[in-house]
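Residue numbers (full-length UniProt numbering): 1 to 188.
All remarks here apply to the structure that follows.
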Amino acid sequence: MSEKIYIKNMVCPRCISAVESILKQLHVNYKKIRLGEVDLDAKLNLSQLNKLSEKLKNQGFQLIQDHKTSLVERIKALVIDRIHYSSKLEDSSWATYLNKHLHLDYKYLSSLFSSQENMTLEHYIISQKTERVKELLVYDELSLKEIADQLDYSSSAYLSSQFKQQTGQSPTAYKQSQNKDRKSLDEI
């Protein structure tokens, strides 16, 4: 019987590679690895789970066994994937996007997220978008309008306003500053 496991702090393609390496070291067969989750070929016994949990912990990950916590981690993985690893955000709203992937009502997901993370889901999404804007500003390959389009802002003025509200400085000032304080995706 196959099993799905959820892993906290899997936030990038390198994380997927690290988890894949751990699974191979432990001779755990899997079907698919995505941000925050792994589809295993078979259910793990307690000894295997403990070994996996320890190896993951040594690499900065955490095996999640609580349903609500795993759901919140899946929400985070979907938000991160959509903002940081998609070339253009889908035209659908966040409510539609999360419902499509998780098959649960957005109000429930938002309420659960807030209760588990001590921040609203909307604030988490804005924080992730802000970090992505910082990254794109540092690369200096896209104009502010192109960044706004890519991240589905209604205008570059709205992006600038939200960025300044989040960071205390305009995108231009951030780009020109020497201190480009960026957070890792799992710190948000």
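Don't be surprised by glycine CBs; every beta carbon is placed ideally from N, CA and C.
In this text, all values refer to a predicted model and were calculated from it rather than measured experimentally.
Inset, instruction - Can you grab the Cα-Cα spacing for the pair N118 / I83, in whole Å? - result: For the purposes of this step, residue 118 is identified with residue 118 of the sequence shown, where counting begins at 1. For the purposes of this step, residue 83 is identified with residue 83 of the sequence shown, where counting begins at 1. Rounded to the nearest angstrom, the two C-alpha atoms are 21 Å apart.
Inset, instruction - Would you identify the three-state DSSP class for I80, choosing helix, strand or coil? - result: One-based indexing of the sequence shown puts residue 80 at position 80. Looking at I80 - three-state DSSP - the assignment turns out to be helix.
Inset, instruction - Work out the CA separation of A173 and K32 for me, nearest whole Å. - result: For the purposes of this step, residue 32 is taken as residue 32 along the sequence shown, with counting starting at 1. For the purposes of this step, residue 173 is taken as residue 173 along the sequence shown, with counting starting at 1. So the alpha carbons of these two residues sit roughly 42 Å apart.
Inset, instruction - Keeping to the same chain, check which residues put their C-beta closer than 7 Å to that of L112; ignore five residues upstream and five downstream. - result: Within the sequence shown, numbered from 1, the residue matching residue 112 stands at position 112. Contacts found: K68, L71 and V72.
Inset, instruction - Determine contact between the stretch 87-103 and the stretch 34-46, defined as no fewer than three beta-carbon pairs at a distance below 8 Å. - result: Judged by pairs of C-beta atoms under 8 Å, the stretch 87-103 does not touch the stretch 34-46, as fewer than three such pairs exist.
Inset, instruction - Could you please give the first and the last residue of the uninterrupted beta strand (DSSP E) stretch that includes I7? - result: For the purposes of this step, residue 7 is identified with residue 7 of the sequence shown, where counting begins at 1. Per DSSP, I7 is one residue of the beta strand (DSSP E) stretching across E3 to K8.
Inset, instruction - Indicate, with yes or no, if the ligand GTP has a heavy atom lying under 7 Å from the CB of L109. - result: Here there are no bound small molecules, and the ligand GTP is not part of this structure.
Inset, instruction - Within the same chain, show all residues whose beta-carbon is closer than 7 Å to that of T130, passing over the 5 residues directly before and after it, in chain order. - result: Position 130 of the sequence shown holds residue 130. Within the same chain, Cβ atoms closer than 7 Å to the Cβ of T130 are found at F163, Q166 and T167, the five residues on either side in sequence being excluded.
Inset, instruction - Between the Cα of I126 and those of D152, Q48 and V38, spot the shortest distance and give me the residue it belongs to. - result: For the purposes of this step, residue 126 is taken as the residue at position 126 of the sequence shown. When each option's Cα is compared against that of I126, the closest is D152.
Legend entry - Beta-carbon proximity check, I147 vs V133, cutoff 8 Å: Position 147 of the sequence shown, counting from 1, holds the residue named residue 147. Position 133 of the sequence shown, counting from 1, holds the residue named residue 133. Result yes, Cβ atoms of I147 and V133 sit closer than 8 Å.
Inset, instruction - Indicate the three-state DSSP secondary structure (helix, strand or coil) for E141 in the structure shown. - result: Mapped onto the sequence shown, residue 141 falls at position 141. DSSP places E141 in the coil class of the three-state scheme, outside both helix and strand.
Legend entry - Contained beta strand (DSSP E) runs [length at least 3] in the stretch 92-150, N- to C-terminal order: When DSSP assignments are scanned along the stretch 92-150, no uninterrupted stretch of beta strand (DSSP E) that is 3 or more residues long falls wholly within it.
Legend entry - Candidates K180, D140, G36 and Y6, of which the one nearest D81 by Cα: Within the sequence shown, the letter at position 81 stands for residue 81. Closest by alpha carbon: G36.
Inset, instruction - State the start and end residues of the unbroken beta strand (DSSP E) segment that holds L40. - result: Counting from 1 along the sequence shown, the entry for residue 40 is found at position 40. Taken as a continuous stretch (DSSP letters only), the beta strand (DSSP E) holding L40 covers E37 to L40.
Inset, instruction - Quick one: give me the first and last residue of the alpha helix (DSSP H) that Q62 is part of. - result: Residue mapping note: residue 62 aligns to position 62 of the sequence shown, counting from 1. For Q62, there is no enclosing alpha helix (DSSP H); the enclosing beta strand (DSSP E) covers residues Q62 to I64.
Legend entry - Residue interval of the alpha helix (DSSP H) (run including K32): The residue you call residue 32 lines up with position 32 of the sequence shown. Looking at the DSSP string, K32 is not in any alpha helix (DSSP H); the run it does join, the beta strand (DSSP E), is Y30 to R34.
Legend entry - Best match in S161, Y85 and Y108 for proximity to E135 [C-alpha to C-alpha]: Position 135 of the sequence shown holds residue 135. Of the candidates S161, Y85 and Y108, the one whose C-alpha sits nearest the C-alpha of E135 is Y85.
Inset, instruction - Could you check the C-alpha separation between D181 and K175 for me, to the nearest Å? - result: What you label residue 181 is simply residue 181 of the sequence shown in a count that begins at 1. What you label residue 175 is simply residue 175 of the sequence shown in a count that begins at 1. Rounded to whole angstroms, the gap between the alpha carbons of D181 and K175 is 11 Å.
Legend entry - C-beta neighbour in chain D for T167, strict 8 Å: Among the chains of the structure shown, chain D does not appear; only one protein chain is present.
Legend entry - Beta-carbon proximity of S161 to K145, cut-off 8 Å: As a first step, residue 161 must be located in the sequence shown, where it is residue number 161. As a first step, residue 145 must be located in the sequence shown, where it is residue number 145. Cβ atoms of S161 and K145: not closer than 8 Å.
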